[in-house]
Each structure stands twice: as C-alpha cells, then as structure tokens.
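Here is the structure we will look at, set down as structure tokens.
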Amino acid sequence: MKSRYDVIVVGAGPGGSITAKTCAEAGLDVLLIEKRQEIGDPVRCAEGLGKEGLMRHIQPDSRWIAAEVKGSKILAPDGTEIKMSEEASSGKAGYNLDRKVFDRALAQKAAMAGSEVMVKTRATGLLRKNGRISGINAMYMGETHEIRADIVIGADGVESKVGRWGGIDTCLKPSDINTCTQFLVSNIDAGEYNKFFMGEKYAPGGYLWLFPKGEHTANVGLGIIGSKCGNVRPITLLHKFIETYLPQGKIIEMVVGGVPVSGPIERTVADNLILVGDAARQSDPLTGGGIINAMDAGKIAGEVCIRAKEEGDYSVKTLKEYEDRWRATIGKELSKSLMVKNLLIKITDEQLNQLAHSLSGIDTSKMALPKVLPILFKKNPKLLWELRSLFM
Amino acid sequence: MSVNVNRYKCGYCGACVGVCPAGALELVETWIEVNDTCTSCGICAKICPVGALAVIK
Chain A
21 MKSRYDVIVV GAGPGGSITA KTCAEAGLDV LLIEKRQEIG DPVRCAEGLG
71 KEGLMRHIQP DSRWIAAEVK GSKILAPDGT EIKMSEEASS GKAGYNLDRK
121 VFDRALAQKA AMAGSEVMVK TRATGLLRKN GRISGINAMY MGETHEIRAD
171 IVIGADGVES KVGRWGGIDT CLKPSDINTC TQFLVSNIDA GEYNKFFMGE
221 KYAPGGYLWL FPKGEHTANV GLGIIGSKCG NVRPITLLHK FIETYLPQGK
271 IIEMVVGGVP VSGPIERTVA DNLILVGDAA RQSDPLTGGG IINAMDAGKI
321 AGEVCIRAKE EGDYSVKTLK EYEDRWRATI GKELSKSLMV KNLLIKITDE
371 QLNQLAHSLS GIDTSKMALP KVLPILFKKN PKLLWELRSL FM
Chain B
-4 MSVNVNRYKC GYCGACVGVC PAGALELVET WIEVNDTCTS CGICAKICPV
46 GALAVIK
C-alpha cells in the first residue's frame, strides 16, 4: 500500500471493481479496498441478471454461471402464470450467477488492469485538507492508516458510510428498503424459468423468488418492504413457504440482506467523492436488481474520474458529469420502477389476480416488463391510473 | 440508550446500518457495532430480516 493514489474505491462488489478497472486501464493509480477478508462472500443477492447487460461488461464464463434460464414466470396469488422475457434467438434470457466467484473474477480484472487491491481493509472515515475530502482513514488488521487520494469512490453497498461522511444523506427509511431472506434449497426440481411469486400472502410489499441454480438447487427467497416488517419477518415467511410448497427441499445455505428500493436519491457526488451502486441507491425499486446498474454506473464513474484527472479538477463541477449521465439512463428506469413499486404496495391480492387474468389470451412470453406494462394499463386503466404518465 | 444485537441470530447483512438515521451502526466482518449516538429509535429492529436486534430503553 502506498500513501497516495489518484482514486480509492471503497468496496469490491461489481460497482467498485468496474470503477477500479476502468480507472486503472487508463493508467490511473487506483486502490480498491474490501472490508471483508473474502471478496464476494457472504453473498447478499438472488444472483439473477439479464444476459445483455452483463455482456456490456464481461464475457460470460462457466466458472461463475450457476444456471441459464429461458425466461421469467410471474405467478399471481391465485396461481395464474404469466410467462415473460423469453429470448427468441438463443432460447436463454438470463443467467443466475455464483456471486462468490463472479465478484472475485471482477476484482481480479481490476487487479490485472493495474489496481492495487486490499482485503480485510475497512474505511473508517474521510480525510480532509482545507475542508476538502483528501482520502480515507482505513483499518487493516487492527491498524489504522491514512491513505490519500484525489477521488474517493463510495461503492460500499446498502450499509454505505462513505456518502454520509461526505455530507450526502443516504439513510433509507423503512419504506425505502426491502428486507430479505433467501435459502439455497436442494433436492427440488427448480425448472428452467426464474419464478416470481406475487402477493401479500407470500411477501408483503415485495415478492418471493425461485431462481434455479443448477443440479436440483435454487435460490428461494423473499423480500418484504421494511415498513411492513416487524410483526412478520422474511425468515418466518420463507420457512412457511418452503414447508408448504417445497416440503422435500433441503436448505444448504442461508442468505440475508437489505435492498435499497428508494429510487434515485438527491445527490451522488460531492467534491472529490462519487457514490456507485447500492451505496448510491441505484438498485431497481421494483425488481431489486442491482448488479448491472452498479456496473453501468461504475463504468461511468471510472470514465469521469479519468476526465477529472486529465483536467486536474476533482470538484463537483467535473464530477457532475457522472450524476448527469447515470440519471439520464439508469435514473430514468429507476423512477419508472419506483412508480410501479409504489402502486404494487397498495394493490390487494385480488387485484393482482385481476391483473394476471387480464393478460389471458395474450402471448407475453417474448416481452419484457416494459412491453407488458402498457398492455396491463390498457386493460386495467382504473386500477393502474396513477401510472398513466408512463404511457400517455 | 442503545440496541442489543443477538449475534447468534444476526446474519451480518448490514440492512440495519443502511436505515440507521443516526449513523450509529457499523457492520464489521461478522458483527454489528453500535456507537453512543444511538437514539433507540428502533428502526433497525423493525427492518431486521431475522429479528436479531432489540432496543434497550
């Protein structure tokens, strides 16, 4: 470890590693730190993602792909099934990853591009010089170190502290977080589709998922909106589901976590500071998906760091380009998802069934959600009226 | 004022850290640290996926 870098990236998840890799490839001096002693573990993710988004960043590799799926099946509370997102050409629409291997592979790419990597190294605060952020305080093996940098990247996940230290309010309200439990369940027929079980009976203000992971296993988990948590907990609901619907299932791993579902927050840059991924609350409020968004944002953040270095200016004036670019792309999608999420939270199981029935006779199997939503709106204008600005 | 973390239950996911309005919590490896800025507001205990936190009044 040196005492000074161009960029310090806090957190070696997908967002942090892509940021580090992008910067290092351009010759910037980069330090990527991870507070855990193992990158990628413990997992806090359902591990599903779309093929296209992934391939913007990395070529698929069998070492970290646990299973390929044909598409998605959405299940209404009464069992009505809606098939979606099948890919016509390849027959495979998405991957379910092995995040432990995937995250490590991305960090490895950052390392091979020239980043320094330190594990078991936790940021404990920000350094300041003349009132401006000038690096981090870090702890490694119980010893504290001052490490300086022109830019600090906060890619430190749902529990992000970097933003708060830098004066950005990233605190999530209970209604801004989905609180989740997942089991890796063995001894089941997981099928060839990612399944989403909708409704209060499974997961109040969220959904329950079953994502195949190959060899008779699947990630079976659920998330409920934090505001409805307390009297009922995700872990209790999940045990109940497995006892009822997968009684032969054997649990071979447990995963817990919180997913930001706030939608875009007010600010993700400050002088000498950029937030990326879950730390910037860039996960999708409707699906909870965050890997691709974090990688896309990481790429933008890296490119903006390169430009800042060229110009020798690390203030918001230069870093604002990151803010503008991610809001124009990822941010727009997040805002749409947030509207749908806010409506879904209020909808009853009966109304969900009604929505599912309204699609009967329509082949949605090749459509993704953005294509299905307008059809749902057309068929159920009254129920979905508050989404009208998305379609009209 | 503080919260008690049942470390035998805690899945060290950090969800509680993300919702703490006071910034009083920190996830370190496999445990949660609570500092003295905790106001016992109880939001962390409410949202914990496994119910590992309890407010000490």
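The listed protein sequences derive, respectively, from chains A and B.
Just so you know, the first sequence maps onto residues 21 to 412 in my numbering.
Just so you know, the second sequence maps onto residues -4 to 52 in my numbering.
Don't be surprised by glycine CBs; every beta carbon is placed ideally from N, CA and C.
Remember, predicted model here, so these are calculated numbers, not experimental data.
Exposed unless 16 or more other CB atoms sit within 10 angstroms - verdict on residue i
{"i": "residue 21(A)", "result": "exposed"}
{"i": "residue 217(A)", "result": "buried"}
{"i": "residue 61(A)", "result": "exposed"}
{"i": "residue 416(A)", "result": "Because chain A spans 21 through 412 in this model, residue 416(A) falls outside it and cannot be assessed."}
{"i": "residue 57(A)", "result": "exposed"}
{"i": "residue 124(A)", "result": "buried"}
{"i": "residue 352(A)", "result": "exposed"}
{"i": "residue 6(B)", "result": "buried"}
Cutoff 7 Å; reference residue i; Cβ partners in own chain excluding five residues on either side
{"i": "residue 199(A)", "result": "243, 244, 246, 249, 254, 278"}
{"i": "residue 211(A)", "result": "232"}
{"i": "residue 87(A)", "result": "116, 232, 233, 234"}
{"i": "residue 94(A)", "result": "102, 104, 216, 218"}
{"i": "residue 68(A)", "result": "114, 116, 214, 231"}
{"i": "residue 19(B)", "result": "29, 30, 32, 33"}
{"i": "residue 50(B)", "result": "-2, 35, 37, 40"}
{"i": "residue 238(A)", "result": "205, 208, 210, 230, 231, 232"}
{"i": "residue 9(B)", "result": "22"}
{"i": "residue 315(A)", "result": "34, 35, 38, 77"}
Cβ neighbours of residue i in the same chain (closer than 8 Å, five flanking residues each side left out)
{"i": "residue 379(A)", "result": "102, 392, 395, 396, 399"}
{"i": "residue 91(A)", "result": "103, 104, 105, 106, 107, 113, 114, 213, 214, 385"}
{"i": "residue 164(A)", "result": "144, 157, 158"}
Simplified DSSP state of residue i, which is helix, strand or coil
{"i": "residue 400(A)", "result": "coil"}
{"i": "residue 386(A)", "result": "coil"}
{"i": "residue 32(B)", "result": "coil"}
{"i": "residue 412(A)", "result": "coil"}
{"i": "residue 163(A)", "result": "strand"}
{"i": "residue 90(A)", "result": "coil"}
{"i": "residue 373(A)", "result": "helix"}
{"i": "residue 222(A)", "result": "coil"}
{"i": "residue 7(B)", "result": "coil"}
{"i": "residue 367(A)", "result": "coil"}
{"i": "residue 198(A)", "result": "strand"}
{"i": "residue 21(A)", "result": "coil"}
{"i": "residue 34(A)", "result": "helix"}
{"i": "residue 149(A)", "result": "strand"}
{"i": "residue 124(A)", "result": "helix"}
{"i": "residue 48(A)", "result": "coil"}
{"i": "residue 106(A)", "result": "coil"}
{"i": "residue 115(A)", "result": "strand"}
{"i": "residue 184(A)", "result": "helix"}
Separation of residue j from residue i, as counted between CA atoms
{"i": "residue 371(A)", "j": "residue 409(A)", "result": "21 Å"}
{"i": "residue 222(A)", "j": "residue 403(A)", "result": "21 Å"}
{"i": "residue 107(B)", "j": "residue 33(B)", "result": "Nothing in the structure corresponds to residue 107(B), since chain B is present only between -4 and 52."}
{"i": "residue 261(A)", "j": "residue 383(A)", "result": "29 Å"}
{"i": "residue 26(B)", "j": "residue 405(A)", "result": "45 Å"}
{"i": "residue 355(A)", "j": "residue 349(A)", "result": "10 Å"}
{"i": "residue 275(A)", "j": "residue 331(A)", "result": "44 Å"}
{"i": "residue 360(A)", "j": "residue 308(A)", "result": "13 Å"}
{"i": "residue 17(A)", "j": "residue 187(A)", "result": "As shown, chain A starts at 21 and ends at 412. That puts residue 17(A) outside it, with no answer to give."}
{"i": "residue 40(A)", "j": "residue 284(A)", "result": "23 Å"}
{"i": "residue 362(A)", "j": "residue 77(A)", "result": "31 Å"}
{"i": "residue 84(A)", "j": "residue 126(A)", "result": "11 Å"}
{"i": "residue 220(A)", "j": "residue 157(A)", "result": "44 Å"}
{"i": "residue 96(A)", "j": "residue 376(A)", "result": "6 Å"}
{"i": "residue 313(A)", "j": "residue 178(A)", "result": "14 Å"}
{"i": "residue 229(A)", "j": "residue 82(A)", "result": "23 Å"}
{"i": "residue 31(B)", "j": "residue 167(A)", "result": "27 Å"}
{"i": "residue 269(A)", "j": "residue 118(A)", "result": "20 Å"}
{"i": "residue 273(A)", "j": "residue 266(A)", "result": "15 Å"}
{"i": "residue 148(A)", "j": "residue 154(A)", "result": "5 Å"}
{"i": "residue 346(A)", "j": "residue 131(A)", "result": "25 Å"}
Sequence-distant residues of the same chain with beta carbon closer than 6 Å to residue i, five excluded per side
{"i": "residue 388(A)", "result": "105"}
{"i": "residue 334(A)", "result": "170, 171, 292, 328"}
{"i": "residue 51(A)", "result": "25, 28, 136"}
{"i": "residue 191(A)", "result": "none"}
{"i": "residue 28(B)", "result": "21"}
{"i": "residue 326(A)", "result": "46"}
{"i": "residue 122(A)", "result": "84"}
{"i": "residue 225(A)", "result": "244, 245, 248, 365"}
{"i": "residue 133(A)", "result": "41, 44, 45"}
Interface flag, residue i vs chain E, CB-CB below 8 Å
{"i": "residue 8(B)", "result": "The structure shown contains no chain E; its protein chains are A and B."}
The segment 208 to 240 of chain A: positions lying closer than 7 Å to chain B by Cβ
none
Could you name the residues of the segment 267 to 285 of chain A whose beta carbon sits closer than 8 Å to any beta carbon of chain B, in the order they occur along the chain?
274, 275, 276, 277, 278, 280
Residues of the segment 169 to 196 of chain A whose Cβ lies closer than 9 Å to any Cβ of chain B, in chain order
177, 178, 179, 180, 181, 184, 185, 190, 191, 192, 193, 194, 196
Between the segment 22 to 37 of chain B and chain A, which residues of the former have a C-beta closer than 7 Å to a C-beta of the latter?
22, 23, 24
When Cβ atoms are compared, which residues of the segment 342 to 358 of chain A fall closer than 7 Å to chain B?
none
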